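What follows is one structure encoded as structure tokens, with my remarks underneath.
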Amino acid sequence: MAQVTPEPARDVKLLVHKNGKLEIQDAKATGFAGIHIDPDIDIDNVAGRQYGWDIQRAKEGPPKGVDGSASEPRVAQFRNDLFTNPWRDAEEPEVPVCTNDPNRHGHYNTLAPPPRDLVKLDVGFWGYYYRDRQTIQRDFGLVEGHMAMLCSFDPAGPSESADTADFLTDTGRLKAKRLYDILAERGLTFHVNRYAVARWSSASAGLGRGLTAFFSDLHLPERWGPIPHERDRYQDPEGDRDKAEDIRADLRNDLTKCQMANGLLLGNLMSSDYRDKIQAHIAAIEAGGSPVWNHDTGVLFFKSIHPFTATQFIAEKDLADRITAIDSNWFYPRGIYPSTSDPVPAIDLLNLLGALHTLQNEVGPGEHGVSVCQVGDLYEMWMNREFLYTNFPVLIEAAISEFMLTMVRTPSRDHFQQRFDRVFVTDLQRQLRAKRTYVFHRWDIDEVQMFHEAAHRFNHERLHGVVGPERCSRLATFLRQRVEGVWNFTLPEPLDPTTLPANLQEKVRAIPGMWGSFRSLNILKSYHPELFDSQYICGGAANPWLNSEGRRELFWNKMIIDTFEKLGVVRLWGNHDGYRGDPILSADLTGPHAIAKADGWWSRPGLWAEHSHRWDEFNRDGMAPGAGITNLVYYHPAAMLGAEACIGKFRTSQEFTAFQPGALLWFLLVNNERLTVTQGVQQSTVPLRDFLSNGDRPIHPFAIYVSGHTHGPDLVRMALKLPGDP
């Protein structure tokens with residue numbers, strides 16, 4: 000990475016008009032400036048429902064009993080107070096004073112009016128987009144005291160980051176500077192890209208002097224299938240290896256297209272009859288048979304037939320499935336061979352987490368020491384399963400936009416698909432479908448056009464006897480299996496690139512970040528040898544995932560998750576792994592599995608963190624299009640992600656139409672002291688945030704809002720301007 004000079008956060012203005020509407024003005028929002036947000040937003044759906052808070056019912060007021068008494072909570076003057084007096088310090092008599100230094104005659108006493116602004120930190124993404132080989136993302140956030148910093152890790156070393164070192168020293172960020180020095184001692188570094196200071200207020204007063212690191216959107220994948228051994232693969236009768244590989248590749252192409260939707264736009268012209276023929280052959284092998292597959296290549300008089308035994312056929316199928324998974328995963332980049340990936344993002348992350356752990360041992364954990372928060376989407380649980388949909392209750396009256404689904408389905412001519420597990424088979428039809436070992440199977444599009452709620456609605460149905468214990472047990476077991484699949488992910492250690500042939504060295508150099516992975520690996524081994532003991536090494540003759548190339552493989556995901564746990568990480572769920580927060584489903588996550596459980600939000604004085612997908616119209620918990628589109632990307636990465644310009648514009652517009660207004664709305668709801676709830680016949684009145692607080696999980700006023708979800712790192716200061724302000 001080139002040298003980076005820290006820059007102040009971008010300023011965003013939010014004007015509150017007399018009619019209560021919000022107007023967002025952001026210089027980055029080309030074509031979107033001046034967006035008006037209606038104040039009569041469905042607050043419960045966007046602010047409370049995802050976490051089980053019933054804000055809307057409180058707003059609407061209580062039903063009256065026979066005696067006229069109020070039987071349920073209500074919010075007093077909800078809408079008016081929210082916009083006419085949204086800042087808690089508006090009428091407090093004390094204001095900050097900048098006193099004069101007696102020895103500096105040109106420095107006068109000044110009064111600082113209470114600020115009305117919010118620092119919003121989106122900590123971006125850590126991993127590797129297969130769709131973009133020009134860049135890598137190593138984004139993370141730091142908050143020390145009142146300062147929020149948007150940062151990027153750089154394994155190239157400290158020579159390029161002198162500006163960051165000077166900045167941390169000059170601004171007195173002592174713990175962040177110490178983290179910088181620990182990394183520099185190891186030949187690594189990080190850059191501060193943007194920064195913002197949360198100005199003094201009652202909301203920011205509790206920020207303290209600790210250092211908190213934030214990571215979001217890792218999407219750690221489940222274990223992929225094994226690399227088939229060469230002895231189990233098709234061989235050319237004349238011993239021509241290149242010809243054999245051409246024939247294998249042609250079969251793998253058919254095996255991949257067999258799982259995809261047909262369509263000219265997606266380049267899949269395979270007939271339904273041929274697809275069914277392949278599927279029937281797989282079912283015959285699954286049933287214990289040894290049928291031969293006669294694969295033909297060429298046309299007319301030039302056609303040739305190549306017999307594949309059952310073992311050879313399954314070997315190519317395993318490889319086809321593995322390559323598909325590699326091409327569409329979020330975290331690990333494809334290596335120099337089609338069937339391999341490189342753990343360079345994991346190595347970089349472990350080096351940074353290791354430095355944080357070293358610092359935590361020096362200064363202690365907690366609010367005044369070092370803490371770490373993982374802001375959701377640690378696991379990838381949407382891809383490659385029906386977990387979001389099957390056996391969850393459906394709210395027909397809350398059906399989502401059919402137009403949105405049609406826009407996705409029409410160009411791809413696809414129905415969203417799923418894979419059935421083999422553990423819970425209850426009838427002949429499911430038995431037959433369970434025999435299909437492909438990643439996806441087609442299913443009814445009508446179901447996906449309905450709203451599925453993944454957590455509290457499911458719990459409500461269970462408590463009222465609609466959902467039986469067997470369904471709860473099934474889904475809980477499913478969740479545990481998926482967690483284990485993520486933990487059991489393995490990849491071999493990177494090779495020393497200088498020992499490779501020249502043509503392969505050129506391939507390695509073409510993939511950003513991969514050339515230095517061997518150096519970074521040696522740094523990690525030097526400072527954290529415990530990560531390379533038998534606990535994290537995959538090997539042994541009995542292990543079915545033993546690398547057929549003879550290279551030992553390591554449990555990289557487990558290293559990451561265990562290191563997070565060693566740091567005492569705060570675990571939040573995102574839209575891709577929200578099931579971790581469902582109390583019914585996660586009840587089965589006990590013992591070592593308990594570290595997979597997650598909360599929806601984290602609040603401490605001055606600071607709020609969440610994945611922030613609750614502000615996303617199509618991609619929040621329970622919304623089918625998010626998972627559906629993700630699964631389309633799985634099999635159509637080139638077609639779906641090739642439209643990156645369009646996707647980028649949509650994501651950018653969401654920032655200004657959904658995520659900024661959502662953060663501001665929550666900021667106003669929590670910090671407004673006059674926004675109170677009068678509870679029941681006792682008529683006890685408490686601030687709304689106290690009403691929403693849950694036992695030992697209080698909600699605190701905050702001045703810094705930390706989020707993920709967008710994969711777009713950003714840091715803005717959102718200044719609020721009220722009617723009548725100059």
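Following numbering that gives the first Met the number 0, the residues of the sequence shown are numbered contiguously, the last one being 725.
For glycine and all other residues, C-beta sits at the position ideal for the given N, C-alpha and C.
Only a predicted model underlies this, so the values are computations on that prediction, with no experimental measurement involved.
If you follow the beta strand (DSSP E) that residue i is in, where does it begin and where does it stop?
i: Arg-716; result: 713-720
i: Leu-173; result: Premise fails: Leu-173 lies in the alpha helix (DSSP H), 173-184, not in any beta strand (DSSP E).
i: Ile-703; result: 701-706
i: Thr-211; result: 210-214
i: Thr-188; result: 188-196
i: Leu-120; result: 116-121
i: Val-568; result: Element bounds for Val-568: n/a, residue is neither H nor E.
If you measure between the beta carbons of residue i and residue j, is that distance less than 8 Å?
i: Phe-488; j: Pro-220; result: yes
i: Phe-214; j: Phe-189; result: no
i: Arg-479; j: Ala-8; result: no
i: Ile-181; j: Arg-321; result: no
i: Phe-554; j: Ser-611; result: no
i: Arg-579; j: Ala-593; result: no
i: Leu-490; j: Ile-335; result: no
i: Val-196; j: His-228; result: no
i: Ser-602; j: His-699; result: yes
i: Thr-211; j: Val-142; result: yes
i: Asp-615; j: Asp-121; result: no
i: Gly-515; j: Pro-154; result: yes
i: Pro-306; j: Tyr-127; result: no
i: Gly-605; j: Phe-666; result: no
i: Arg-481; j: Met-380; result: yes
i: Val-705; j: Ala-597; result: no
I'd like to confirm the pairing. Which residues does DSSP put opposite residue i in its beta bridges?
i: His-305; result: His-294
i: Tyr-144; result: It is Gly, not Tyr, that sits at residue 144 in the sequence shown. The partner list for Gly-144 (beta bridge, DSSP) is empty, contrary to what the question assumes.
i: Trp-600; result: Glu-609
i: Leu-663; result: Paired residue(s): none; Leu-663 is not in a bridge.
i: Tyr-378; result: Leu-219
i: Ile-536; result: Leu-553
i: Pro-491; result: Glu-552
Which word fits residue i, buried or exposed, when buried means at least 16 other C-beta atoms lie within 10 angstroms of its C-beta?
i: Asn-574; result: buried
i: Tyr-233; result: buried
i: Lys-524; result: exposed
i: His-218; result: buried
i: Asp-445; result: Summary for Asp-445: the model assigns pLDDT 45, below 50, so the residue's position carries little reliability, and this model does not support an answer.
i: Glu-6; result: exposed
i: Ser-200; result: buried
i: Tyr-388; result: In this prediction, Tyr-388 scores a pLDDT of 43, lower than 50, which makes its location untrustworthy; the coordinate-derived value is nonetheless stated afterwards. So Tyr-388 counts as buried.
i: Gly-694; result: exposed
i: Val-291; result: exposed
i: Arg-132; result: Residue placement at Arg-132 cannot be trusted, given a pLDDT of 43 that sits under 50; the coordinates are not used to answer.
i: Ile-54; result: buried
i: Asp-317; result: buried
i: Asn-360; result: exposed
i: Arg-696; result: exposed
i: Ile-346; result: buried
i: Arg-508; result: exposed
i: Asn-618; result: buried
i: Gly-549; result: exposed
i: Gly-238; result: exposed
i: Gly-534; result: For clarity, residue 534 is Gln in the given sequence; the question names Gly instead. When all chains shown are included, Gln-534 counts as exposed.
I'd like the span of the alpha helix (DSSP H) that includes residue i, first residue to last.
i: Arg-9; result: Segment 9-15 is the beta strand (DSSP E) holding Arg-9; no alpha helix (DSSP H) there.
i: Leu-503; result: 501-508
i: Leu-250; result: 240-256
i: Val-3; result: From DSSP, Val-3 is part of no alpha helix (DSSP H); its letter is neither H nor E.
i: Lys-27; result: Where Lys-27 is concerned, there is no enclosing alpha helix (DSSP H), given that its DSSP letter is neither H nor E.
i: Gly-353; result: 343-362
i: Arg-518; result: 516-526
i: Pro-280; result: The displayed chain sequence assigns His, not Pro, to residue 280. Residues 271-285.
i: Leu-167; result: 161-169
Considering only heavy atoms of the ligand FMN, does any lie closer than 7 Å to the CB of residue i?
i: Phe-666; result: You won't find the ligand FMN in this model; it holds no ligand whatsoever.
Inset, instruction - Tell me, please, whether the segment 350-358 touches the segment 684-695 by the rule of three or more beta-carbon pairs shorter than 8 Å. - result: no
Legend entry - Given 8 Å, three or more beta-carbon pairs between the segment 502-520 and the segment 544-560: no
Inset, instruction - Pair every Cβ in the segment 555-564 with every Cβ in the segment 493-501, then say whether three or more of these pairs are closer than 8 Å. - result: no
Inset, instruction - Please determine if the segment 335-345 and the segment 172-180 are in contact, where contact requires at least 3 C-beta pairs separated by less than 8 Å. - result: no
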